[in-house]
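In the numbering used here, the protein residues as written are 8 to 477.
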Ligand code: UDP
């Protein structure tokens, strides 16, 4: 195979992890890969001490014979520029207007650096949230592949933004109405739309999403980190429009190179000393944070429920010096609770001690939890997490809501939900359903399972398209 993929991920952890696993999977099929990160992302990953880094993973891949090159490029801002805080709007505007030229230069550089490879052998894999792929793929004659790291349902809602706007359902602006006209989506309440579709004031983000989903309509192929059997109708409706391949779940546990580098969880000894199914794992994703009052109520619920727990929490949230945990929380829970700033989540979820997962509903966390058969308590915060919750709780019935009153939580309700999920007897139905969905994921990734077949189909189609253009 002479195909060479240029892969440019979006800069957030939840996007980077599946991108890296996709790179490994493609390389194992014989493709050459050049994987590009922004300098500041590279620096963040290198300094985070969240091993293994991309550099480690790709070095291991190269020494096992895979052709993966890693490069970084600058977005033109200083490394320590605060892109998420006060400058967020400015950065999003730049992402929309200035980024296309930067990626253009990157692609030109990559193409020139391998003069022996014909330009027509290259293809581009960009995160669907990118506004630039259409222009760049056209300019250099590259096959244009879009990679969507969230569920097909979320893709479909963004894809039909114009329809939703036309019907007056976006922006949601506080309304609660059922929508039943999106192709392949049976029905969905507007309250379950992604957070970006609710606000009337996020003009720049709306514009970026709008442009990105306009641009994706010209992609040659779309890959999605989901499982066909779990979102069959939505996927089949999207396939009527464009070549769309469900190839998930893509995560390290499914990949021998990434898996071989996965550190044993620091918490392994602690977890191994707990009875099976007795520990609640609590995490709000790679940012490990949520509102301080929410943290206070969750801690209160953990106190009342008296369960064992392992909690990924930012050090600043833990007591001493302006913390938000209830008075005496650490002392009272010392014997049954472990708080860490970061962990190897895949490893933790696989530990038999884990009996439930209180999650923010990040898509990777959901896939990882289902993979390990761990039922979820859902507290989505924003973006796709709101819509992902619907899949987990309403559609697949493998999790419950942390609170029924939209976003307002209190420690008594938290304790009640925790006790329910952690009691094998009370949550038996949930666990049986989880086992069914877990098997669906397992089957999809088996040798002749849907995700592998779809991936092979994509490989064949992209090779055919590369060949056709030569
Ligand atoms: N993660 C991890 N350790 C942590 C917290 C998160 O390994 O302490 C990983 C987790 O396994 C998942 C990713 O970070 O693969 C988070 O992605 P997700 O889509 O769940 O949420 P996001 O961080 O994008 O909100």
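The beta-carbon is built from N, C-alpha and C at its ideal position, and this holds for glycine as well.
heavy atom of the ligand UDP below 6 Å from residue i C-beta
i, result
"residue 371", "yes"
"residue 293", "yes"
"residue 319", "yes"
"residue 380", "no"
"residue 349", "yes"
"residue 249", "no"
"residue 61", "no"
"residue 54", "no"
"residue 24", "yes"
"residue 352", "yes"
"residue 21", "yes"
"residue 202", "no"
"residue 290", "yes"
Rounded straight-line distance, which links the Cα of residue j to that of residue i
i, j, result
"residue 311", "residue 410", "16 Å"
"residue 156", "residue 335", "40 Å"
"residue 158", "residue 392", "10 Å"
"residue 220", "residue 322", "37 Å"
"residue 253", "residue 292", "23 Å"
"residue 279", "residue 395", "31 Å"
"residue 197", "residue 209", "17 Å"
"residue 470", "residue 10", "7 Å"
"residue 140", "residue 76", "20 Å"
"residue 105", "residue 455", "43 Å"
"residue 268", "residue 59", "6 Å"
"residue 122", "residue 477", "16 Å"
"residue 147", "residue 425", "54 Å"
"residue 203", "residue 465", "31 Å"
"residue 80", "residue 45", "5 Å"
"residue 282", "residue 346", "18 Å"
"residue 14", "residue 153", "10 Å"
"residue 353", "residue 22", "16 Å"
"residue 215", "residue 171", "17 Å"
"residue 180", "residue 194", "19 Å"
"residue 71", "residue 259", "16 Å"
"residue 74", "residue 43", "14 Å"
"residue 206", "residue 212", "10 Å"
"residue 437", "residue 407", "9 Å"
"residue 183", "residue 289", "29 Å"
"residue 331", "residue 57", "25 Å"
"residue 247", "residue 301", "42 Å"
"residue 94", "residue 241", "36 Å"
"residue 243", "residue 145", "27 Å"
Three-state secondary structure assigned by DSSP to residue i
i, result
"residue 360", "coil"
"residue 76", "strand"
"residue 38", "coil"
"residue 347", "strand"
"residue 125", "coil"
"residue 201", "coil"
"residue 297", "coil"
"residue 385", "strand"
"residue 287", "strand"
"residue 155", "strand"
"residue 22", "helix"
"residue 232", "coil"
"residue 316", "strand"
"residue 82", "coil"
"residue 176", "coil"
"residue 226", "coil"
"residue 64", "helix"
"residue 45", "strand"
"residue 447", "helix"
"residue 1", "Beyond the ends of the chain as shown, which are 8 and 477, falls residue 1; an answer cannot be given."
"residue 167", "coil"
"residue 462", "helix"
"residue 417", "coil"
"residue 102", "helix"
"residue 253", "strand"
Cβ separation of residue i and residue j, assumed to be a contact under 8 Å, to the nearest whole Å
i, j, result
"residue 163", "residue 230", "Not really, about 15 Å apart at Cβ, beyond 8 Å."
"residue 360", "residue 285", "6 Å"
"residue 457", "residue 234", "7 Å"
"residue 256", "residue 448", "6 Å"
"residue 86", "residue 50", "5 Å"
"residue 109", "residue 83", "7 Å"
"residue 26", "residue 16", "4 Å"
"residue 371", "residue 343", "That pair is no contact at about 27 Å."
Do three or more CB pairs link the segment 105-115 to the segment 187-197 at distances below 8 Å?
In short, these stretches do not touch, since the Cβ pair count stays below three.
Across the segment 360-367 and the segment 381-394, are there enough close Cβ pairs to call them in contact, namely three or more that are closer than 8 Å?
Contact between the segment 360-367 and the segment 381-394 is present: three or more C-beta pairs spanning the two stretches fall below 8 Å.
With three or more beta-carbon pairs closer than 8 Å as the criterion, would you say the segment 366-381 touches the segment 429-448?
They touch, by the three-pair rule.
With contact counted as at least three CB pairs below 8 Å, one residue from each stretch, are the segment 30-44 and the segment 59-71 in contact?
The segment 30-44 is in contact with the segment 59-71.
With a cut-off of 8 Å, do at least 3 Cβ pairs link the segment 298-306 to the segment 415-434?
The segment 298-306 is in contact with the segment 415-434.
Any contact between the segment 94-101 and the segment 125-140? By contact I mean 3 or more CB pairs, one from each, below 8 Å.
No: the two stretches stay apart, fewer than three of their Cβ pairs being nearer than 8 Å.
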